[in-house]
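Colleague: Take a look at this one; I'll ask things after.
Residue numbers (our numbering): 1 to 198.
What follows is the structure in structure tokens.
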């Protein structure tokens, strides 16, 4: 008697950790300018749930003053993303930025996403949802406020394309307009292009 066997998703947890530290130092006869960027990422993937986290710090100084001292941390949870095209997400994030004059910004929200393409060499996702944001600013905004709360729509486009094992294009881009003020929006564009040299 033979009994057929069927494969299934492994219920083991897959962990991923990544640290990236980069910097730029320019020394001239007028002084030294530098910019340091440190990023730590941690990820846990299971069949129905994935958890992504990222923390970064950017520090910069020119001969006369500090130019950057920026902190950013985000925690993202995806539910059902590994088993179907339509999935659900939740997000929370914190930002403190000397260069943008943000003393603190906290965001939390949830929404849905759709995977249009998910193959070894290509991925295309679009997600949308709502966020609550509270911010404290070092300098008043155009309305004279140094603190405010806002409800935002959060539209995200995420993609990755690998062409002939030579070119890699990947990015995550956000457009987050306020629901009450069309002039208040956050636009974050992050696209990386890599070339594999043999």
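For glycine and all other residues, C-beta sits at the position ideal for the given N, C-alpha and C.
Fair warning: this is a prediction, and the values are worked out from it, not measured in the lab.
In chain order, what are the residue ranges of uninterrupted beta strand (DSSP E) at least 3 long that sit wholly in the region 79 to 163?
Modeller: 86 to 97, 102 to 118, 122 to 137 and 147 to 163
Colleague: Three-state secondary structure (DSSP) at residue 63?
Modeller: coil
Colleague: So what's residue 23 in DSSP terms, helix, strand or just coil?
Modeller: In the three-state reduction of the DSSP assignment, residue 23 falls in the strand class, which pools E and B.
Colleague: What residues in its chain sit with their C-beta under 8 Å from that of residue 191, if we drop five residues either side in the sequence?
Modeller: 169, 170, 171 and 173
Colleague: Identify, in the order they occur along the chain, each residue of the same chain with its Cβ nearer than 8 Å to the Cβ of residue 165, setting aside the five sequence neighbours on each side.
Modeller: Result list for residue 165: 196, in chain order.
Colleague: With a CB to CB cut of under 7 Å and the five nearest residues on each side skipped, what residues in its chain are close to residue 59?
Modeller: 36, 68 and 69
Colleague: For residue 52, I'd like the list of residues in its chain whose CB is within less than 6 Å of its CB, leaving aside the five on either flank, ordered along the chain.
Modeller: 43 and 76
Colleague: What three-state label does DSSP hand residue 183 in the structure shown?
Modeller: coil
Colleague: Less than 8 Å between the CB atoms is what I'm expecting for residue 122 and residue 152, so what's the real figure, rounded?
Modeller: Between residue 152 and residue 122 the Cβ distance is about 29 Å, and since that is not below 8 Å, they are no contact.
Colleague: In terms of alpha-carbon separation, which member of 120, 148, 131 and 182 lies closest to residue 162?
Modeller: 120
Colleague: Go through its chain and collect everything with a Cβ distance to residue 131's Cβ below 6 Å, but skip five positions before and after it.
Modeller: 107, 109, 152 and 154
Colleague: Could you give the distance in angstroms between the alpha-carbon of residue 114 and the alpha-carbon of residue 48?
Modeller: Distance between the alpha carbons of residue 114 and residue 48: 15 Å.
Colleague: Please return the same chain residues whose Cβ sits closer than 7 Å to the Cβ of residue 83, not counting the five positions on each side in sequence.
Modeller: 47 and 48
Colleague: Does DSSP classify residue 32 as helix, strand or coil?
Modeller: strand
Colleague: For residue 165, which three-state DSSP category applies?
Modeller: coil
Colleague: Cutting at 6 Å between CB atoms, please list the residues of its own chain near residue 72, excluding the five before and the five after it.
Modeller: 56 and 95
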